[in-house]
Structure formats: C-alpha cells, structure tokens
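K.L.:
Mind the numbering: the sequence shown is residues 0 to 398 in numbering that gives the first Met the number 0, read in order.
Every residue gets a Cβ at the ideal spot worked out from N, C-alpha and C, and that includes glycine.
Take this structure, written in structure tokens, and hold onto it; I'll ask about it next.
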Amino acid sequence: MAPVVVERLRHSPAVALLGPRQVGKTTLARQVFARTHQAGEINSDAINTSSNETLYLDLDLDADRRKLADPESYLSARENMLVIIDEVHRAPEIFRTLRSLIDDGIRRGRSAGRFLLLGSASIELLNQSSETLAGRIAFLELTPLDVLEIPDDGAERLWIRGGFAKSHLAESDQQSATWRDDFIRTYLHRDIPSFGSSVPAETLRRFWTMLAHVQGGLHNAAALAKSLSVEGKSIARYLDLLVDLLLVRRLPPYSANTRKRLVKSPKIYIRDSGVIHSLLGLRDTEAVLGHPVSGASWEGFVIENILRCAPKFAEGAFYRSSAGAEIDLVLTLSGNEVWAIEIKRGGAPKLERGFYNACEDIAPQRKFVVHGGEERYPMANGVEAIGLAEICREVAALA
0 MAPVVVERLR HSPAVALLGP RQVGKTTLAR QVFARTHQAG EINSDAINTS
50 SNETLYLDLD LDADRRKLAD PESYLSAREN MLVIIDEVHR APEIFRTLRS
100 LIDDGIRRGR SAGRFLLLGS ASIELLNQSS ETLAGRIAFL ELTPLDVLEI
150 PDDGAERLWI RGGFAKSHLA ESDQQSATWR DDFIRTYLHR DIPSFGSSVP
200 AETLRRFWTM LAHVQGGLHN AAALAKSLSV EGKSIARYLD LLVDLLLVRR
250 LPPYSANTRK RLVKSPKIYI RDSGVIHSLL GLRDTEAVLG HPVSGASWEG
300 FVIENILRCA PKFAEGAFYR SSAGAEIDLV LTLSGNEVWA IEIKRGGAPK
350 LERGFYNACE DIAPQRKFVV HGGEERYPMA NGVEAIGLAE ICREVAALA
C-alpha cells in the first residue's frame, strides 16, 4: 500500500488515507515517511526528499494541536516538506487553510506531494474536504487484513478473529477477544465522542449489538427504534455514524430493469467479523459455529473480502425480489459486466431455485457460489463453485 500512497503523492497535492481506528494508518504513514527519503521515490519537483523534509503531526497529541493554532503561518514555513497530519478530523477547520496553501504552492510550481491526511471517518472527512479541496485531493481507504494478505490456510482464523492485525495475530483466542473488547470499549467511550457525537455510549453499544444479531438483514428502522425505545430518526443518526466510521456497511439493493417488484431497503453488515463475534460474546471458533449468527457472519465476511479486493470502480449490491429471487452479492464491473455471487458456508454448496430465478432476471455474465472449502468446480447452469481466496484473486486481477 505504501507504494500506492507514494504514487498518489507524486500526482496530487494532498492524499487522504481513510480507515477505522487501529487499522494501521499511522504505521503506513511512517512507511511513506521512510520511502520519501529514498532517492527517486517522489519527483524532486513535487517534494523535497532530504532527510529532514517530512513532518509528522498527530492531532491526538495536545502539543501537535497547539502547533496548528495558527495553521497558515506554521505550514507556510514548511512549504518544502511533506506534512503528514494524523487524525485530521480533529481539526476540520484546517481544510480551508490547506486549500489556500495548496493553491499558492501550485502557482509556485509545487503541484504535488504537499499533505498526507489520515482520518478515521469517511463521509465526515469527505464532506469537509469536498467544499475546499475538490480537485486537489486523492482518497484511499485502508481496510483490515483481507484473505489475500494471510497464509492460504488462515481464512477461518481471519473470519473468527477479524482483520485488525492485533486481533488476528494475537497469541491466543482469549487475547484476541480481549483486544476486540477493548477496541469496542475505546470506540464507544473515547473515539466516537471525539467526533462530536452526543449519543450515550451504552445506547450506541446496544444498537451496535442489535446490528450484530441481525447481521445481513434488511434495514428495519422501525423495529430497531422500538427495541431501543427511541425515534426512527435517532436510528438513522446512529446508523449514519457507524457507517461514517467505516464500522458498518450499507449494501444497497441492485437496480435492475426488470418488471419484478424489488426490495428497496439496504442490507446492513458489520464490516469486521471479529467485532460481530465480540459484540455477541463469541470468543472462539466453537462458540461462533454454535451460534445462529454463524451463517450471516460468514456471508458478511465473504462480501467484505470480495469488495476489499475488487477494483475501485466495482460496485457491490444485492438482489431480492418480492417473489423470493435472491442473490447475495451482485458485482458490477467495468463495461457493465455483472457477476452474481451466492455465499454458502459449507464445502458442498447447494443452490436454491431463488438464485437461478434471480440470474434469469438480471442475466449476469458470470455466476459463482463461494463456499467454505478451496476446491473449484463447475455446477449446473453455468455456475462455478469457488473458494473465497480464489474469487478474491479473480476480482483483484481486474484492477
């Protein structure tokens, strides 16, 4: 990922690296810091690469926030540096200053490699920057580990523990579960309030846990509001917050030109499977496999991995008609090529009639069923059975 960030810095004045807490943004930024000091990594017309020409500021630290009390003066004096600003969402007012500094630099020939901005939220950061840095900033998302970044036999462990490195690489399931418990607690009591949220931590934890129980279900704001004894608009606010923090995915329904009556509500998935298991108190493989959420957890895990590995231009959705035709993941690629992907936990998957009916509705170019094994083989009606790592390699090759 570091070479990708460096490449973007060669062509853009600012790069925003987005991802949830503890996903490794700071580690990656330090790798970029090191690479910018290697001759030839970034064009010298874009950024000075001498050993003292990269500045790192962490806005979690009071001392670094004080340095930006007058950001224009402080950053203007460091025009020849690559300035890395971590947790930039803590100082949203800085974006207007960055625009002015970038425009002044462009007029003087500094057209790239000025700022690397790290943020733990997506939409919030995008909204802040869209008004002031449009055309001046490139966005990259850093996600937890995916199945192509681990040993070939590690998919089940990745599913149980999730993709956050400290959880996945813990010495035991107990240590992994403890790390995730702390991760959830820190988000609720420290990180989320830092975004200006006034939602009580206990209320948000109950909401987050409810989403874990209905993983992969259609969004039903009324039912959630009733369970939490709040209004529907509060549910919308809670969900928006978790989506913005890159903790929850809203998978939209597929828009197809058919005469079928289609479901219009999105499906809701907690993005990291390890977080789901911790919210539900499932601390090891046996506990997960014995819980009713097991199948939905696996489904979300597969969807998340495929979308992480897919090219940026790919779009994911699901298909469901009122008559029961359904496809777990519809992947739209370049040239409007469509892949229909069904997900089954077992190693010998059987497809239901609803999948075949849905394929007749949307006529996908390729049809897959992703199963829990590794073998790849043909099934009826042009469907291929395939393992998770293999289909992730297929979509990654399209980039």
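Whose C-beta lies closer than 7 Å to the C-beta of G353 among residues of the same chain, with five residues either side of it excluded?
P.N.:
Taking the sequence shown and counting its residues from 1, the one referred to as residue 353 is at position 354. If we look at G353 and ignore the five residues flanking it on each side, its Cβ neighbours are G323, A324, E325.
K.L.:
Alpha carbon to alpha carbon, what distance is there between I84 and S50?
P.N.:
In the sequence shown, counting from the first residue as 1, residue 50 sits at position 51. In the sequence shown, counting from the first residue as 1, residue 84 sits at position 85. For S50, the pLDDT reaches just 38, beneath the cut-off of 50, and the residue's location in the model is therefore unreliable, leaving the point undetermined.
K.L.:
From A211 to P251, what distance separates their C-alpha atoms?
P.N.:
The residue labelled residue 211 in the question sits at position 212 within the sequence shown. The residue labelled residue 251 in the question sits at position 252 within the sequence shown. Rounded to the nearest angstrom, the two C-alpha atoms are 18 Å apart.
K.L.:
Could you pull out every residue in the same chain whose Cβ sits closer than 7 Å to the Cβ of P348, ignoring the five residues on either side in sequence?
P.N.:
Translated into the one-based positions of the sequence shown, residue 348 becomes position 349. Correct list, in chain order: V368, H370, A384.
K.L.:
Please classify T185 as buried or exposed, where buried requires at least 16 neighbouring CB atoms within 10 angstroms.
P.N.:
Counting from one through the sequence shown, the residue named residue 185 turns up at place 186. Label assigned to T185: exposed.
K.L.:
Within a Cβ cutoff of 6 Å, which residues of the same chain sit near F194, ignoring the five residues on either side of it in sequence?
P.N.:
Counting from 1 along the sequence shown, the entry for residue 194 is found at position 195. If we look at F194 and ignore the five residues flanking it on each side, it has no Cβ neighbours.
K.L.:
For G153, does the three-state DSSP call read helix, strand or coil?
P.N.:
As a first step, residue 153 is located in the sequence shown; it is residue number 154 there, counting from the start. Three-state DSSP puts G153 in coil, outside helix and strand.
K.L.:
Output the distance between the C-alpha atoms of T257 and G315, rounded to the nearest integer angstrom.
P.N.:
Looking up residue 257 in the sequence shown gives position 258. Looking up residue 315 in the sequence shown gives position 316. For T257 and G315, the distance between alpha carbons rounds to 18 Å.
K.L.:
Can you tell me whether DSSP reads T257 as helix, strand or coil?
P.N.:
Here residue 257 corresponds to residue number 258 of the sequence shown, with the count starting at 1. T257: coil per DSSP, three-state reduction.
K.L.:
What ranges does the alpha helix (DSSP H) occupy inside the stretch 141-185, keeping only unbroken runs of at least 4 residues that lie completely in it?
P.N.:
Taking only runs of at least 4 residues, the alpha helix (DSSP H) segments lying wholly in the stretch 141-185 are 154-160, 164-167, 172-185.
K.L.:
Taking only three categories from DSSP, how would you classify H370?
P.N.:
In the sequence shown, the residue the question calls residue 370 occupies position 371. DSSP places H370 in strand when its eight states are reduced to three.
K.L.:
Please return the same chain residues whose Cβ sits closer than 8 Å to the Cβ of R375, not counting the five positions on each side in sequence.
P.N.:
Position 376 of the sequence shown, counted from the start, is the residue given in the question as residue 375. Contacts found: E383, A384, I385, G386, E389.
K.L.:
What are the residues that DSSP puts in a beta bridge with R248?
P.N.:
On the sequence shown, position 249 is the one that residue 248 refers to. Answer by DSSP bridge pairing, in chain order: Y268.
K.L.:
Does the beta-carbon of E303 have 16 or more other beta-carbons within 10 angstroms, so that it is buried, or is it exposed?
P.N.:
To locate residue 303, count along the sequence shown from 1; it is residue 304. With 16 or more other Cβ atoms within 10 Å, it is buried.
K.L.:
Does DSSP classify E230 as helix, strand or coil?
P.N.:
For this step, residue 230 is matched to residue 231 along the sequence shown. E230 falls in the coil class under three-state DSSP.
K.L.:
Of all the options L67, E92, P91, which has the alpha carbon lying nearest to the alpha carbon of V82?
P.N.:
Your numbering for residue 82 matches position 83 in the sequence shown. That would be L67, whose Cα lies nearest to the Cα of V82.
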